[in-house]
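**Q** Submitted below is the structure of interest, expressed as structure tokens.
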Amino acid sequence: LGDLSVAIERTFSIVKPDAVAKNVIGEIYSRFEKNGLKIVASKMVRLSQEKAEGFYAEHKERPFFPALVEFMTSGPVCVQVLEGEGAILKNRELMGATNPKEAAAGTIRADFASSIDANAVHGSDAPESAAREIAYFFAEEEICAR
Ligand code: RTP
Ligand code: MG
Numbered sequence: 006l007g008d009l010s011v012a013i014e015r016t017f018s019i020v021k022p023d024a025v026a027k028n029v030i031g032e033i034y035s036r037f038e039k040n041g042l043k044i045v046a047s048k049m050v051r052l053s054q055e056k057a058e059g060f061y062a063e064h065k066e067r068p069f070f071p072a073l074v075e076f077m078t079s080g081p082v083c084v085q086v087l088e089g090e091g092a093i094l095k096n097r098e099l100m101g102a103t104n105p106k107e108a109a110a111g112t113i114r115a116d117f118a119s120s121i122d123a124n125a126v127h128g129s130d131a132p133e134s135a136a137r138e139i140a141y142f143f144a145e146e147e148i149c150a151r
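As structure tokens, this is what we get:
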């Protein structure tokens with residue numbers, strides 16, 4: 006029989022300005038913890054225009070890019086590294102669909118997001134983006150093995 010275990014991964018997550026303003030940081034962190042994800046790095050930051058544009062560089066030709074950058078710089082965010090079995094996909098499942106109107110019941114976006122722009126959370130979508138995004142916000146010594 007093959008090895009059926011799921012690899013331990015790290016993924017990058019943001020609690021976006023709308024969710025920080027709604028005072029649900031703890032409720033969102035609790036979703037991670039109750040579903041097998043450990044928070045191994047965490048901080049609150051205010052994104053500059055340049056930091057937000059660089060983070061979303063893959064979307065810079067999209068029509069929603071200016072609104073996305075404006076929203077992400079509109080207030081503080083919490084950035085975190087989540088670790089666990091299949092963390093990248095697990096976090097995407099916990100988040101729900103990008104548009105909260107399409108997000109499954111019980112997901113973070115169904116419960117806390119207001120619109121496709123103010124959609125409560127970000128999560129990396131692949132191992133390559135997770136590695137890039139973690140390094141974009143955290144030095145290696147800020148990530149705590151546990
Ligand atoms: P995220 O990157 O924030 O985790 O969200 P996602 O993968 O579900 O969505 P993505 O396609 O990467 O888009 C990034 C963010 O841009 C905003 N967006 N607006 N108005 C629109 O059509 C539109 N499409 C995307 C969303 O806030 C999305 O989270
Ligand atoms: Mg994305």
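Take any residue in the sequence shown, note its place counting from 1, add 5, and you have its number in UniProt numbering. Backbone N, C-alpha and C define an ideal beta-carbon position, used for all residues, glycine too. Just so you know, these numbers come straight off a predicted model, no measurement behind them.
1. Is it the case that the stretch 87 to 104 contacts the stretch 36 to 52, given that we only count it when at least three CB pairs across the two stretches are under 8 Å?
2. When every heavy atom of the ligand RTP is checked, does at least one fall within less than 7 Å of the C-beta of residue 60?
3. Less than 8 Å between the C-beta atoms of residue 13 and residue 88, yes or no?
4. Quick check on residue 95: does DSSP put it in helix, strand or coil?
5. For a minimum of 3 consecutive residues, which ranges assigned as the beta strand (DSSP E) are wholly contained in the stretch 13 to 83?
6. For residue 78 and chain C, any beta-carbon pair shorter than 8 Å?
7. Taking just the CA atoms, how far does residue 7 sit from residue 85?
8. How would you write the range of the alpha helix (DSSP H) that residue 105 sits in, first residue to last?
9. Considering only their Cβ atoms, is the gap separating residue 108 from residue 23 smaller than 8 Å?
10. State the start and end residues of the unbroken beta strand (DSSP E) segment that holds residue 128.
11. Between the C-alpha atoms of residue 26 and residue 11, what's the straight-line distance to the nearest angstrom?
**A** So, from the listed chains and residues:
1. yes
2. Residue numbering aside, residue 60 sits at position 55 when the sequence shown is read from its first letter. No, Cβ of residue 60 sits at least 7 Å from all heavy atoms of the ligand RTP.
3. The residue labelled residue 13 in the question sits at position 8 within the sequence shown. The residue labelled residue 88 in the question sits at position 83 within the sequence shown. Contact flag set, yes.
4. Counting from 1 along the sequence shown, the entry for residue 95 is found at position 90. Looking at residue 95 - three-state DSSP - the assignment turns out to be helix.
5. 13 to 20, 43 to 50
6. The displayed structure is made up of one protein chain only, and chain C is not part of it.
7. The residue you call residue 85 lines up with position 80 of the sequence shown. The residue you call residue 7 lines up with position 2 of the sequence shown. Approximately 33 Å between the Cα atoms of the pair.
8. Residue 105 sits at position 100 when you count from the first residue of the sequence shown. Careful: residue 105 lies outside any alpha helix (DSSP H) and carries neither H nor E.
9. Your numbering for residue 23 matches position 18 in the sequence shown. Your numbering for residue 108 matches position 103 in the sequence shown. No, they are not a contact pair.
10. The residue you call residue 128 lines up with position 123 of the sequence shown. Per DSSP, residue 128 belongs to the beta strand (DSSP E) from 126 to 128.
11. Counted from its first residue, the sequence shown places residue 26 at position 21. Counted from its first residue, the sequence shown places residue 11 at position 6. Their backbone Cα atoms lie some 35 Å apart in a straight line.
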